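S.K.: As you go down the protein sequences, you meet chains G, Z and B in turn.
Numbering of the first sequence is given in this note's numbering, commencing with residue 233 and proceeding in unit increments.
Numbering of the second sequence is given in this note's numbering, commencing with residue 358 and proceeding in unit increments.
Numbering of the third sequence is given in this note's numbering, commencing with residue 74 and proceeding in unit increments.
The C-beta atom is built at its ideal place from N, Cα and C for all residues, glycine as well.
It should be emphasised that the depicted structure is a prediction, and the values quoted were computed from it without experimental measurement.
The structure's right below; bear with me while I get my questions together.
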Amino acid sequence: MSDPLADKILLAPRNPEQRVAGNALSRRINADPEGVEQGLAQLVLTIVELLRQIMERQALHRIDAGGLDEAQVERLGETFLMLERRMQELKDQFGLEDSDLNLDLGPLGRLL
Amino acid sequence: MTSPVAASQDVALVDLVDRLLNGGVVIAGDITLAVADVDLVYVGLRALISSVATAEANGVPLPR
Amino acid sequence: MIYVYAISEAPAAVEADGISGAPARSLQAGALAAVISTLEEPPTAEAPALLAHEGVVEAVMAAQPVLPVQFGMTFAEEAEVTALLERRQDAFGELLREVRGCVELSVRVRWSPPEPAAAESGRDYLQDRRHERRRADVVHQPLAALARSSTSRSEPGLLAAAYLVPAADVGPFTGRLETIRDEHPDLDFSCTGPWPPYSFVGAR
Chain G
233 MSDPLADKIL LAPRNPEQRV AGNALSRRIN ADPEGVEQGL AQLVLTIVEL
283 LRQIMERQAL HRIDAGGLDE AQVERLGETF LMLERRMQEL KDQFGLEDSD
333 LNLDLGPLGR LL
Chain Z
358 MTSPVAASQD VALVDLVDRL LNGGVVIAGD ITLAVADVDL VYVGLRALIS
408 SVATAEANGV PLPR
Chain B
74 MIYVYAISEA PAAVEADGIS GAPARSLQAG ALAAVISTLE EPPTAEAPAL
124 LAHEGVVEAV MAAQPVLPVQ FGMTFAEEAE VTALLERRQD AFGELLREVR
174 GCVELSVRVR WSPPEPAAAE SGRDYLQDRR HERRRADVVH QPLAALARSS
224 TSRSEPGLLA AAYLVPAADV GPFTGRLETI RDEHPDLDFS CTGPWPPYSF
274 VGAR
């Protein structure tokens with residue numbers, strides 16, 4: 233096994249390579265049974281909201297770039313309108329506000 | 358513990374495995390998000406997943 | 074199932090055996106070609122399969138520009154692969170132009186990092202990190218200047234970098250690296266390659 237890699241060494245280290253184990257990060261999921269469903273809904277809806285925003289932005293780019301006909305533009309608009317309404321229904325159903333969907337990723341900033 | 362020769366071979370192996378498992382084009386698990394028959398967003402799902410794994414390994418806190 | 078090793082320009086003339094001895098072949102879609110094998114089952118990420126994958130990618134790279142595919146990419150049938158090539162042909166074409174004639178060199182530099190406990194305040198900690206970053210840059214910047222493209226990440230005590238270098242420049246690059254090594258006896262250098270350009274085709 234080492235033979236095919238022997239000629240890949242251009243400069244050898246003085247000290248043996250140490251495998252650094254990745255920091256095992258415990259994912260903090262709310263273990264409270266009543267909260268679990270809402271917590272999962274929060275996560276899923278956040279992702280859906282993120283995708284919805286990405287897609288809306290992309291749709292606007294495409295429309296601005298002029299590559300779509302009137303019928304496509306109309307269909308796009310209607311679809312986003314329906315998506316927005318459906319998102320609102322789901323948020324109401326799970327008792328979530330817009331601010332609940334804006335998760336804090338620490339050094340990566342806020343999700344939305 | 359390890360001879361210099363074995364250490365060298367280790368470093369090549371580490372570099373190879375790192376490249377094969379974390380690098381390269383990710384093509385399986387692609388998603389194209391279409392709205393109303395218009396392709397809008399291409400998502401490399403495997404790349405997204407491995408980014409999460411990389412974030413965890415680097416101690417980035419993920420949402421509760 | 075179809076296993077994909079690499080993407081290249083059509084036709085990708087490849088004569089090599091891949092994972093489990095399955096011969097690699099070229100699957101064309103327009104101006105692109107995927108280098109594939111038919112496998113019975115998905116491969117496990119162990120040395121023989123990893124080395125076989127690498128062997129196929131390098132066989133392609135010997136003759137033409139190549140985009141190495143991440144290990145483990147399988148599809149149910151060829152039609153899925155050709156559809157993928159067609160859908161992403163502009164992006165893949167662009168990447169092939171960027172890596173044409175180049176190889177990847179990996180450089181790792183290690184040193185003894187300052188004890189984290191030694192930092193008594195947030196400000197001390199940040200100064201330590203800035204100092205670490207500068208140590209890494211002193212090595213990385215001159216090498217990056219020799220490369221068409223580069224990536225690097227640093228942690229306490231480690232700089233791990235990859236450089237996309239024209240194949241003909243590998244000699245001068247390692248020469249420069251040796252000079253830098255001689256200037257920094259407190260740093261432990263290693264360099265491996267040439268590799269196919271895994272770090273410059275978008276996975277990270």
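1. Mind listing, in chain order, the continuous beta strand (DSSP E) runs of no fewer than 3 residues lying wholly within the segment 96 to 120 of chain B?
2. In whole angstroms, give me the CA-to-CA distance for G/GLN270 and G/ARG294.
3. If you draw a straight line from the C-alpha of G/GLY254 to the C-alpha of G/GLU310, how long is it?
4. DSSP has B/VAL142 in a bridge; who is on the other side?
5. For the pair the segment 171 to 186 of chain B and the segment 255 to 269 of chain B, tell me if three or more CB-CB distances fall below 8 Å.
6. Got a sec? Which residues, its chain only, sit under 7 Å from B/PRO187 by beta carbon, not counting five neighbours each side?
7. Can you give the Cα-Cα distance for Z/ALA385 and G/ILE279, rounded to whole angstroms?
8. Could you tell me whether the segment 102 to 121 of chain B touches the segment 76 to 83 of chain B, using the rule of 3 or more Cβ pairs below 8 Å?
9. Does the beta-carbon distance from G/ALA285 to G/LEU328 come in below 8 Å?
10. If you check the beta carbons only, do B/LEU140 and B/LEU100 fall under 8 Å apart?
11. What in chain G is Cβ-close to Z/LEU377, meaning under 8 Å?
12. Using the Cα positions of G/ASN262 and G/PHE326, report the straight-line distance between them to the nearest angstrom.
13. So for B/ALA240, helix, strand or coil by DSSP?
14. Any beta carbon of chain Z sitting closer than 8 Å to that of G/LEU237?
15. Using a beta-carbon distance below 8 Å, is G/ILE279 in contact with chain Z?
16. In chain order, what residues of the same chain have a beta carbon less than 6 Å from the beta carbon of B/TRP268, not counting five sequence neighbours either side?
17. Closest Cβ-Cβ distance between B/LEU250 and chain Z: below 8 Å?
18. Can you find a CB in chain G that lies within less than 8 Å of the CB of B/PHE148?
19. Under 8 Å between C-beta atoms, does Z/ALA385 make it to chain G?
M.R.: Reading off the structure:
1. 98 to 102 and 105 to 111
2. By one-based count along the first sequence, residue 270 of chain G stands at place 38. By one-based count along the first sequence, residue 294 of chain G stands at place 62. Their Cα atoms are separated by approximately 35 Å.
3. Numbered from 1 along the first sequence, position 22 holds the residue referred to as residue 254 of chain G. Numbered from 1 along the first sequence, position 78 holds the residue referred to as residue 310 of chain G. Below a pLDDT of 50, predicted positions are generally treated as unreliable, and G/GLY254, at 27, falls in that range; the measurement from the model is reported next regardless. So the two alpha carbons sit approximately 46 Å from each other.
4. For the purposes of this step, residue 142 of chain B is identified with residue 69 of the third sequence, where counting begins at 1. Paired residue(s): Z/VAL382.
5. yes
6. Start at 1 with the first residue of the third sequence, and residue 187 of chain B comes out as number 114. Closer than 7 Å at Cβ, skipping near neighbours: ASP201.
7. Your numbering for residue 385 of chain Z matches position 28 in the second sequence. Your numbering for residue 279 of chain G matches position 47 in the first sequence. Roughly 21 Å separates the two Cα atoms.
8. yes
9. The count along the first sequence starts at 1 and reaches residue 285 of chain G at position 53. The count along the first sequence starts at 1 and reaches residue 328 of chain G at position 96. It should be noted that the sequence gives Gln, not Ala, for residue 285 of chain G. Not a contact, by the Cβ cut-off of 8 Å.
10. Residue 140 of chain B sits at position 67 when you count from the first residue of the third sequence. Residue 100 of chain B sits at position 27 when you count from the first residue of the third sequence. Result no, Cβ atoms of B/LEU140 and B/LEU100 do not sit closer than 8 Å.
11. Within the second sequence, residue 377 of chain Z is the residue found at index 20, counting from 1. In chain order: nothing, as chain G lies at least about 12 Å away.
12. Within the first sequence, residue 262 of chain G is the residue found at index 30, counting from 1. Within the first sequence, residue 326 of chain G is the residue found at index 94, counting from 1. Note that G/ASN262 scores 36 on pLDDT, short of 50, meaning its location in the model is unreliable and no value can be drawn from it.
13. In the third sequence, residue 240 of chain B corresponds to position 167, counting from 1. Note: B/ALA240 maps to helix in three-state DSSP.
14. Counting from 1 along the first sequence, the entry for residue 237 of chain G is found at position 5. Yes, its Cβ sits closer than 8 Å to a Cβ of chain Z.
15. Reading the first sequence from its first residue, position 47 is the one you call residue 279 of chain G. By this cut-off, G/ILE279 is not an interface position.
16. Here residue 268 of chain B refers to the residue found at position 195 of the third sequence. GLU177.
17. Within the third sequence, the letter at position 177 stands for residue 250 of chain B. B/LEU250 does not count as touching chain Z.
18. Taking the first residue of the third sequence as position 1, residue 148 of chain B is located at position 75. No, B/PHE148 lies away from the interface with chain G (no Cβ there is under 8 Å from its Cβ).
19. Walking along the second sequence from the start, residue 385 of chain Z turns up at place 28. Taking Cβ atoms only, chain G never reaches closer than 8 Å to Z/ALA385, which makes this a no.
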